[in-house]
Each structure stands twice: as C-alpha cells, then as structure tokens.
Amino acid sequence: MTKTATPLPAQIAPAIAALPKAPQDGMRALRDLICDTAAETGALPIEESLKWGQPSFAPPKRDGTPIRLGWSADAPDRIAMLVHCQTTVVEAWRERFGDAFTYDGSRALFVPLDAPLDTDALRHAIALALTYRR
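Counting with numbering that gives the first Met the number 0, you get residues 0 to 133 for the letters of the sequence shown.
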C-alpha cells in the first residue's frame, strides 16, 4: 500500500484519463510508488510532466534519471517503466530482478497489469533510477 494520494497534476491527468481502466489504475499506482520512493530516498522534488505524451517523473539531475510510464494498445497487458537509454539502470534492474520482469534493451522494464504489483521490487527498481547518479 502506498502513502501518496495526491491528485494528478493537470498536465498529466488527461493523458492517464485517456487510457482504458486497467492501465489507468496501473499508472496511478506506479505514480504513487514513484512519489513515495522519491520521498523515502530524498530524491525531491519530483518534476511531473508529459514527455512524448507519457507521464514523466524527474528527480533532481544531481540524483538520478527520469522515469516515464508508457502504455500501448499493441501490448495492453503491461506498462513500460522507461529510463534514459544511455544509463545502466536497466542493466542494474536485470541483474537485481532477473526473470521477475521483462525488459526492452536499455530502455524499459515492463510491469504486468494482469498480476498484483510487486511493490517491494518496484520500489527498489524506482529507487535505483531516482538515485542513479549518487
């Protein structure tokens, strides 16, 4: 269970509201995990915005790398947690979580929508991205 229950910022609310219910719920839950983890790791403030039409959560540059959340009708059963491809974040995720998740090159970890969120693993994955530069 997450602690964050703040309203979605006006700039990202329409992008999430345009999605079907399952990815909407998944993105809201992941946003809460990102915000909670940012607070727990001190990677604040988180700048929430849209990048390429996707919700983006950027920690201070001195701390880490932004996380974007993406969903596609071509793969409706998952949400992508995307990071900058020139970081080693996805490599660290693979080393830490192995087959617990699927990945896309050096860009993304896929979060399944057809199973309960593995909040412990996802908090750790999020912390790795938000504190990447520390």
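Glycine included, C-beta positions come from ideal geometry on N, C-alpha and C.
Asked                                                                                                                                                                     : Found
Nearest CA to the CA of aspartate 73: which residue from Leu7, Pro22 and Ala14?                                                                                           : Pro22
Just to confirm, is the Cβ distance from aspartate 76 to leucine 112 under 8 Å?                                                                                           : yes
Can the beta-carbon of isoleucine 15 be found closer than 8 Å to that of arginine 27?                                                                                     : yes
Grouping DSSP H, G and I as helix and E and B as strand, with all else coil, what is arginine 77?                                                                         : strand
Let me know the secondary structure DSSP gives lysine 20 once reduced to three states.                                                                                    : helix
Which residues in the same chain as alanine 37 place their Cβ atom closer than 7 Å to its Cβ, once the five residues preceding and following it in sequence are excluded? : Leu43, Ile45, Pro58 and Leu129
How should threonine 101 be labelled, buried or exposed, when 16 other C-beta atoms within 10 angstroms of its C-beta is the threshold for buried?                        : exposed
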